[in-house]
Every structure is written in C-alpha cells, then in structure tokens.
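Chemist: Numbering (our numbering), first residue to last: 519 to 1012.
Here a beta-carbon is modelled for each residue, glycine too, at the ideal position from N, C-alpha and C.
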C-alpha cells in the first residue's frame, strides 16, 4: 500500500508486531521521547470519539485532496526522485474526483493541477483577469522589473516591447551570431576530440549557450570558451547562478513577509555586483548606439532601444538588416552554413529536441498567483493561492504518453503531433505568459546540435553515467556530469 494513502490496518495488532519501532517515530523514541505522548493521544481519541458520536463527515468540492508541507519547495518539486514530487505525482494520478492537490510550499498555499482543461483556463483564458502574475519568489532588486518577475500592467508593457524581437524575421537576422558561436564551439570541441580524452559536455555547451545569449542580448562579441576570465563572462555566470537551497531562500520560505524588507535594504536572490555590472554596461552600450556606433547590428538591445523612440521612422535601405550587414566572420562555418529555413525544416531534429524537452523539462513547475476567488470546473481557488502546474508529472503520465520512460522522438512526428493536447506538453509553459524566448532557445538548440552532428560522432565511454540520474533540487540538472567520447566525423567514417 502506498505511503501517501490512509490505511488504518497498518497498525492492527497483527501488523504492529512486524513494525520496526525505529521507522515509526511520531513522538520520537528512547528516554528523551515526547513526555506528553499519552496525554496527546488521549485528547485526540476522546475528541474523535465525541465528534463521530454526534456527526458524520463527508467530502465536498472544497475538500483538499492532499495536505502536505514542502520545505523549501522552490528547489524540490523538480525530479521524480524527490519525495515531494513522488507524493504529488501519486496523488494527482489516482483518478480522484478532483484532479488537484492542495499543499503548502513553505508557508505559501498552493494547488497542484494536472487537468488539461483547468490548465487551459489558468494559463490562457483567465490569464489577464485572474492569473496574470507569478508568485513572489523572493527579493529580486532591480530584476523585479524584468519580464519574468514583473506584474500587471508593467509586465504587459514589457512583454509588448520585447515580443517583436522574437519574431521569425528577427531571429533570421540574428542567426549569423548563432553561427559564429557555433563555429567557436566546433573549434573548441575539435581540440578536445583530437586529444582522445572524454569530454564533459557542459564544459563546451555551457559557454556556447552563454556566448549566444550575451552576444544577441547585449550587442557584444563573446568567446567564453577561450576567454573564461573575461569580466563580462565572469559576471554573467554570477548573474545566472542561484542557489535554491541557500540560507536566504530558507528564511524567505519560512518568513515570506520579509521579502519587502529585504528589497528595501538591497538584499537580492541575484548577485548584486553582477546586476550593477550589467546595468552600467547596458547604459554604456545604449549611449554608443544612440551616437550612431555599431549601426545596423541586430540584437535584442537594439529592439528595446528602438521601442523607446517616440517617433516612428520610415525604413530605408540602410536599416535593412540582412546578412550583409554583419561582419563576414559571423557567417563562416567549417562546412556549409546552416540557414534559418533549413534548420526549421529538419523534422527529425525537431522531434528529438521535443522528446528531450518532454523527458527533461527545464523548470519543475509553472506557477500563477490567483488575484481573486474563482471557480473552475467545480474547483474553488481562493484569492492569494498559487496554482502550480508540474510539467514533469504531465510529461510522464502513462495515460497520456505510452511508456513515458522511453526516449521516442516519433511521438512528435507531424502525424502524432496533431493528437497531443497542448496542455499536457509544457516545456515552455503556455498562454500569454509563456516563455518569451522559446523560439530563440529552440533556434540555439537546433543550430548547435546540427553543427555538432555535422562534425562529430558522440559515443558513451566508461565515465558515462548510464542510466542518467537527475538531481532532485534546483533546475533540472544531472547528478553527475555528462561525459562522452567525441570523434570527428572524418575519423568516425574511417
């Protein structure tokens, strides 16, 4: 019988004798156990007997399916190896009348939801009226005005400004930056492969992702693979490193009312030095752009600068940002360069990446804060409660995915895609507040993988962990580094 279910017969006379007294410790054990144990049990039993003599109790729509306290939950409900995740997964998959689980993440009341219809209401239909905001994670300082943390009208304004930067047209114009970073990736990996040593994949893929992100966001050319001590690289690493299990997050989890005070005294989840560094850097770059330097460069910063101009200017040939406007070194790869349309037409690559994101969604949960009392499909969600949607639970539900533990890219073929409910596959969320960088992230992934597979074959070695085990805390990461043998294509063909 599963541990999360109430099963009184566990403690029948017969079963009690088989219980190890040191695996059942509600009052402790030994000379220093709870001295009031007998009195507490007496009070509890008398109260229950009196209540059951006079009343009967029945469940209703407002009855929680599950109550549990999840300590420092922001870093726990990510992997199926987490105890909290397992209990929630089991409860939500029992087929109970209400497909929800009510629980506390620290002192924050939450409702876990896996019903696709409720998910659609939360993420799409009631997004602007009720579920506009994410919950407050902690003191965020200047990052509070970022698109991820911003709320209400501020979020709507920022989202409106940023959205044009992620159209297919803009991404096409930024592809040469991605190609340049991919070329650096190939060069770096080739040096390691020629030595014949196993390669820790994150050591090369991590710098590639950072170079693309910083080059396309801040308008600077980065090469963190060869210059890891560059101040820009060091500060960028500090900015994106968040310890979910830090003492600060523990305090916030227990005392959420401290968040406004911590914001006032400039305490932040993010490294304040790194935030200040980038704030100053962006102002300098912006000033240069306004003076006419780096005219014609295509990046996200340029889009935001353009959005601040009060008068729209007609487009001229000088502002037609095509590949010819980018320095030539951006568009040279060791083999035929990949163009945007070609990458988007690689069907099996798209299928494989979709399946990877199903099995390893980056975030463990999608959250929306309820602004006012609402009833959805018979479920009452009170104001102030956070609705939590666990992508990992949905992505591994055997009623949705046949043999979900297996890697099957064919699930996402053109024919099968039509049968997938979009609210059961949520690697980037859904609705108006989904991940704004989804298209760009997929472009980086596909361009990087295509470039790597053009040039290398990847093979497991004795250092490769099989099967791959994921860490139960923080953003989804493997417990041990992924180490593979990398063989240049010319050598593997021989």
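Taking just the CA atoms, how far does residue 671 sit from residue 609?
Modeler: Position 91 of the chain shown holds residue 609. Position 153 of the chain shown holds residue 671. Since pLDDT at residue 609 reaches only 48, below the 50 mark, its modelled position is unreliable, and no value is offered.
Chemist: How about residue 900 and residue 888: are their beta carbons less than 8 Å apart?
Modeler: As a position in the chain shown, residue 900 is number 382, starting the count at 1. As a position in the chain shown, residue 888 is number 370, starting the count at 1. Taking C-beta atoms as the reference points, residue 900 and residue 888 count as a pair closer than 8 Å.
Chemist: Considering only residues of the stretch 652 to 714, which uninterrupted beta strand (DSSP E) runs meet the minimum length of 3 residues and lie entirely inside it, listed in chain order?
Modeler: none
Chemist: Give the straight-line distance between the Cα atoms of residue 731 and residue 897, rounded to the nearest whole angstrom.
Modeler: Locating residue 731 in the chain shown gives position 213, counting from the first residue. Locating residue 897 in the chain shown gives position 379, counting from the first residue. Taking the straight line from one Cα to the other gives about 41 Å.
Chemist: Could you tell me which whole beta strand (DSSP E) segments of length 3 or greater appear in the stretch 927 to 988?
Modeler: 974 to 977
Chemist: Starting from residue 546, follow its DSSP beta bridges and name the residues at the other end.
Modeler: For the purposes of this step, residue 546 is identified with residue 28 of the chain shown, where counting begins at 1. 544, per the DSSP bridge assignment.
Chemist: For residue 592 and residue 764, what's the separation of their Cα atoms in angstroms?
Modeler: Taking the first residue of the chain shown as position 1, residue 592 is located at position 74. Taking the first residue of the chain shown as position 1, residue 764 is located at position 246. Residue confidence is low: residue 592 scores 34 on pLDDT, short of 50, so the model does not pin down where it sits. Its coordinate-derived value is still stated next. Going by the C-alpha atoms only, they are around 11 Å apart.
Chemist: With distances taken Cα to Cα, identify the nearest neighbour of residue 689 among 1002, 933 and 861.
Modeler: On the chain shown, position 171 is the one that residue 689 refers to. Answer by Cα proximity: 861.
Chemist: Comparing alpha-carbon positions, which option in 752, 802 and 777 lies nearest residue 789?
Modeler: In the chain shown, counting from the first residue as 1, residue 789 sits at position 271. It is 752.
Chemist: Residue 1072 bridges to which residues according to DSSP?
Modeler: As shown, the chain starts at 519 and ends at 1012. That puts residue 1072 outside it, with no answer to give.
Chemist: Between 1002, 950, 904 and 541, which has its C-alpha nearest residue 631's C-alpha?
Modeler: Reading the chain shown from its first residue, position 113 is the one you call residue 631. Ranking the options by Cα distance to residue 631, first place goes to 904.
Chemist: Could you pull the start and end residues of the beta strand (DSSP E) that residue 553 belongs to?
Modeler: Taking the first residue of the chain shown as position 1, residue 553 is located at position 35. Premise fails: residue 553 is in no beta strand (DSSP E) and is neither H nor E.
Chemist: So, is residue 801 buried or exposed, given that buried needs 16 or more other C-beta atoms within 10 angstroms?
Modeler: The residue labelled residue 801 in the question sits at position 283 within the chain shown. When all chains shown are included, residue 801 counts as exposed.
Chemist: Tell me the DSSP secondary structure of residue 530 in three-state form.
Modeler: In the chain shown, residue 530 corresponds to position 12, counting from 1. When DSSP states are grouped into helix, strand and coil, residue 530 belongs to the coil group.
Chemist: Could you check which residue in 770, 865, 640 and 528 has the C-alpha nearest to that of residue 950?
Modeler: Taking the chain shown and counting its residues from 1, the one referred to as residue 950 is at position 432. Sorting 770, 865, 640 and 528 by C-alpha distance to the C-alpha of residue 950 places 640 at the top.
Chemist: Grouping DSSP H, G and I as helix and E and B as strand, with all else coil, what is residue 644?
Modeler: Locating residue 644 in the chain shown gives position 126, where the first residue counts as 1. Note: residue 644 maps to coil in three-state DSSP.
Chemist: If residue 1002 sits next to residue 803, beta carbons under 8 Å apart, how far is it from one beta carbon to the other, in whole angstroms?
Modeler: Within the chain shown, the letter at position 484 stands for residue 1002. Within the chain shown, the letter at position 285 stands for residue 803. For a cut-off of 8 Å, the C-beta gap from residue 1002 to residue 803 is around 37 Å, too long to register as a contact.
Chemist: Using CA coordinates, which residue listed in 637, 573 and 557 is at the minimum distance from residue 941?
Modeler: Translated into positions along the chain shown, residue 941 becomes position 423. Of the candidates 637, 573 and 557, 637 places its Cα closest to the Cα of residue 941.
Chemist: Cutting at 6 Å between CB atoms, please list the residues of its own chain near residue 870, excluding the five before and the five after it.
Modeler: In the chain shown, counting from the first residue as 1, residue 870 sits at position 352. Answer for residue 870: 927, listed in chain order.
Chemist: Which residues does DSSP pair with residue 1001 in a beta bridge?
Modeler: Counting from 1 along the chain shown, the entry for residue 1001 is found at position 483. Per DSSP, 718.
Chemist: Unbroken beta strand (DSSP E) runs of length 3 or more, entirely within the stretch 717 to 766: which are they?
Modeler: none
Chemist: Please determine if the stretch 945 to 960 and the stretch 701 to 720 are in contact, where contact requires at least 3 C-beta pairs separated by less than 8 Å.
Modeler: no
Chemist: Starting from residue 860, follow the beta strand (DSSP E) in both directions and report where the run begins and ends.
Modeler: For this step, residue 860 is matched to residue 342 along the chain shown. DSSP places residue 860 outside any beta strand (DSSP E); the residue lies instead in the alpha helix (DSSP H), whose first and last residues are 858 to 862.
Chemist: Find the nearest neighbour of residue 969 within the set 995, 910, 1006 and 556, judged by alpha-carbon distance.
Modeler: Within the chain shown, the letter at position 451 stands for residue 969. The shortest Cα separation from residue 969 among 995, 910, 1006 and 556 belongs to 1006.
Chemist: I'd like to know whether the C-beta atoms of residue 653 and residue 665 end up nearer to each other than 8 Å.
Modeler: For this step, residue 653 is matched to residue 135 along the chain shown. For this step, residue 665 is matched to residue 147 along the chain shown. The beta carbons of residue 653 and residue 665 sit no closer together than 8 Å.
Chemist: What span of residues does the beta strand (DSSP E) with residue 893 cover, start to end?
Modeler: Here residue 893 corresponds to residue number 375 of the chain shown, with the count starting at 1. Start and end: 892 to 894.
Chemist: Which value, in whole angstroms, describes the spacing of the CA atoms of residue 998 and residue 721?
Modeler: Residue mapping note: residue 998 aligns to position 480 of the chain shown, counting from 1. Residue mapping note: residue 721 aligns to position 203 of the chain shown, counting from 1. Cα to Cα, the separation comes out at about 13 Å.
Chemist: Which residues does DSSP list as the beta-bridge partners of residue 898?
Modeler: Mapped onto the chain shown, residue 898 falls at position 380. BP columns for residue 898 point to 893.
Chemist: Do residue 877 and residue 913 count as a contact pair if the criterion is CB distance below 8 Å?
Modeler: Here the question's residue 913 lines up with position 395 in the chain shown. Here the question's residue 877 lines up with position 359 in the chain shown. Yes; because the gap between Cβ atoms is below 8 Å, this pair is in contact.
Chemist: Short of 6 Å in beta carbon distance, which residues of its chain neighbour residue 537, apart from the five on each side in sequence? Order them along the chain.
Modeler: One-based indexing of the chain shown puts residue 537 at position 19. Same-chain partners within the cutoff: there are none.
Chemist: DSSP three-state call for residue 911: helix, strand or coil?
Modeler: On the chain shown, residue 911 is found 393 positions in, with the first residue counted as 1. Correct three-state label for residue 911: helix.
Chemist: Tell me the DSSP bridge mates of residue 491?
Modeler: Absent from the structure is residue 491, since the part of the chain shown begins at 519 and ends at 1012.
Chemist: Can you say whether residue 745 is buried or exposed, counting buried as having 16 or more other CB atoms within 10 angstroms of its CB?
Modeler: Here residue 745 refers to the residue found at position 227 when the chain shown is read from its first residue. Its Cβ having fewer than 16 others within 10 Å, residue 745 is exposed.
Chemist: For the putative contact between residue 793 and residue 660, defined by C-beta atoms under 8 Å, what is the C-beta separation to the nearest angstrom?
Modeler: In the chain shown, the residue the question calls residue 793 occupies position 275. In the chain shown, the residue the question calls residue 660 occupies position 142. About 5 Å; that satisfies the 8 Å criterion.
Chemist: Would you kindly work out how many angstroms separate the C-alpha atoms of residue 907 and residue 885, rounded to a whole number?
Modeler: Position 389 of the chain shown holds residue 907. Position 367 of the chain shown holds residue 885. Whole-angstrom Cα-Cα distance: 6 Å.
Chemist: Compute the beta-carbon to beta-carbon distance between residue 733 and residue 743, rounded to the nearest angstrom, for a pair I have assumed lies under 8 Å.
Modeler: To locate residue 733, count along the chain shown from 1; it is residue 215. To locate residue 743, count along the chain shown from 1; it is residue 225. Not quite, the Cβ-Cβ distance comes to about 13 Å (not below 8 Å), so this is no contact.
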